[in-house]
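Chemist:
Number of protein chains: 2
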Amino acid sequence: MKVPSPTSLEQPEIALSRLLTAAARMTVVTAESCTGGNVAARISSVPGSSGYFLGGVVAYHNAVKSRVLRVPSNVLERFGAVSAECARAMADGARSVFDSDFAVSTTGVAGPGGGTQRKPVGLVYVGVACKATTQTVKCQFEGNRHDIVAQATERALQELRKMVEAQFSESIPVR
Amino acid sequence: MKVPSPTSLEQPEIALSRLLTAAARMTVVTAESCTGGNVAARISSVPGSSGYFLGGVVAYHNAVKSRVLRVPSNVLERFGAVSAECARAMADGARSVFDSDFAVSTTGVAGPGGGTQRKPVGLVYVGVACKATTQTVKCQFEGNRHDIVAQATERALQELRKMVEAQFSESIPVR
């Protein structure tokens, strides 16, 4: 499918709108822990986003990750909520629960509390899922709580944009 | 001249933190349509909010309102998604699904499209729920999409703060 080419300074939520508005019935959902709703807020800030954005879950507490997003309890017990495995399960769970084409997830330590030597403040995992594949990215951000959430939000949107763009260049099958 | 009380200029999410951090194990969840995650983002922006903020649902599409928040289909059919009845069902549903003490919901027409004569752009219903009661407020905001979402987010947080404060002044039973 041919879609308008992006501009280099285009915000990822605008790129998503451009790509997904052209793709009738393709949908996106969010599953956020450390970003706390900011990814959903950025996606839904674009007029017309209700055409492709079904919604999302803010899974701050682990009970929400397991009960609503169906993250398996052994993932939380063995790897912890801040892990690639949890980011993957959140993205897969959101795509399944909402029956969407794409999902994006975030889980990390926004601080100022909650950091450990193994999982310091600023450690964030981003997950993106479509039917064919689920990918996770490990990030280590610097700054205060606000800075970390802002960087994690931007990275999540960029990873989602990349996956949607890849679909449009037909490098991965989505459906 | 009356000196403002310490809380009169306090942002509602800070007031929530002050009240709920003092109340061990009392919890809050969000159920957002038109605000798209902004209420959750404001609540979770406060350090330590993971102690009382369980999470939330961004229910942009009606299927999410019914499937995840358990809004009865007859509410959506009879009154529509932008209605006091839907705001009430979203708040009640979120409190039930997440098993929380308090819930706040938003549903409205953020624009620029989607407005009708009966339900114009800027019409927003806010719902707040605790065990004892669920209340809704009808608002008509002015401005563009960004302005309407910002005002709806602020109003939702203020209504939630009022309900939590009322609980602490023991005017309504929560549990």
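Quick note, the sequences are listed as chains R and D, same order. So the first sequence is numbered by this note's numbering: it starts at 18 and just counts up by one. So the second sequence is numbered by this note's numbering: it starts at 18 and just counts up by one. Note that beta-carbon positions come from the ideal geometry of N, C-alpha and C, so glycine has one too.
#1: Would R/Ala127 and R/Ala169 be called neighbours here (beta carbons separated by less than 9 Å)?
#2: Use the C-beta contact count for R/Asp109: other C-beta atoms within 10 angstroms, 16 or more gives buried, fewer gives exposed.
#3: Using CA atoms only, rank isn't needed, just tell me which of D/Asn91, D/Thr47 and D/Leu36 is closest to D/Gly144.
#4: When the cut-off is 9 Å and only beta carbons count, does D/Leu33 lie next to chain R?
#5: Kindly list, in the order they appear in chain R, the residues whose Cβ is closer than 9 Å to that of D/Val123.
#6: Per DSSP, which residues does D/Lys155 bridge with? Please list them.
#7: When you compare only the Cα positions, how much space is there between R/Arg172 and R/Ala32?
#8: Exposed or buried, R/His78, counting other C-beta atoms within 10 Å across all chains shown (16 or more means buried)?
#9: How would you write the range of the beta strand (DSSP E) that D/Gly73 sits in, first residue to last?
#10: Would R/Asn55 and R/Ala167 be called neighbours here (beta carbons separated by less than 9 Å)?
#11: Could you tell me how far apart the beta carbons of R/Ser117 and R/Leu71 are, in whole angstroms, since I believe they sit closer than 8 Å?
#12: Counting only runs of 3+ residues fully inside the region 44–105 of chain D, write out the beta strand (DSSP E) ranges in chain order.
#13: For D/Ser122, report the span of its beta strand (DSSP E) as first-last.
#14: Can you give me, in chain order, the residues of the region 75–98 of chain R that have a beta carbon less than 9 Å from any beta carbon in chain D?
#15: Return the CA-CA distance between D/Ala39 and D/Pro129, expressed in angstroms with no decimal places.
#16: Specify the secondary structure class of D/Thr133 as computed by DSSP and reduced to three states.
#17: Report, in whole angstroms, the separation of the C-beta atoms of D/Met107 and D/Ala58, which I expect to be a contact under 8 Å.
#18: Are R/Pro29 and R/Gln157 close, meaning C-beta to C-beta below 9 Å?
#19: Kindly indicate the opening and closing residues of the alpha helix (DSSP H) around R/Glu182.
#20: Would you call the CB atoms of R/Val114 and R/Arg87 closer than 9 Å?
#21: For R/Val121, which of R/Gly68, R/Ser62, R/Gly73 and R/Ser66 has the nearest alpha-carbon?
#22: Would you identify the three-state DSSP class for D/Thr38, choosing helix, strand or coil?
#23: Tell me the rounded alpha-carbon separation between D/Val154 and D/Val141.
Modeler: In brief:
#1: yes
#2: buried
#3: It is D/Thr47 whose Cα lies nearest to the Cα of D/Gly144.
#4: No - not a single Cβ of chain R is within 9 Å of the one on D/Leu33.
#5: The sequence shown places Thr at residue 123 of chain D, rather than the Val named in the question. Per Cβ cutoff of 9 Å: no residues; D/Thr123 is ~12 Å from chain R at best.
#6: D/Tyr142
#7: In a straight line, the C-alpha of R/Arg172 is about 14 Å away from that of R/Ala32.
#8: buried
#9: Where D/Gly73 is concerned, the enclosing beta strand (DSSP E) stretches over Phe70 to Ala76.
#10: yes
#11: Taking C-beta atoms under 8 Å as the contact rule, R/Ser117 and R/Leu71 qualify, at a distance of about 5 Å.
#12: 45–49 and 70–76
#13: Phe119 to Gly125
#14: Val75, Ala76, Tyr77, His78, Ala80, Val81, Lys82, Arg84 and Val85
#15: 41 Å
#16: coil
#17: The Cβ separation is near 18 Å, so there is no contact.
#18: no
#19: Arg162 to Phe185
#20: It is a contact, given that the beta carbons lie within the stated cut-off.
#21: R/Gly73
#22: helix
#23: 8 Å
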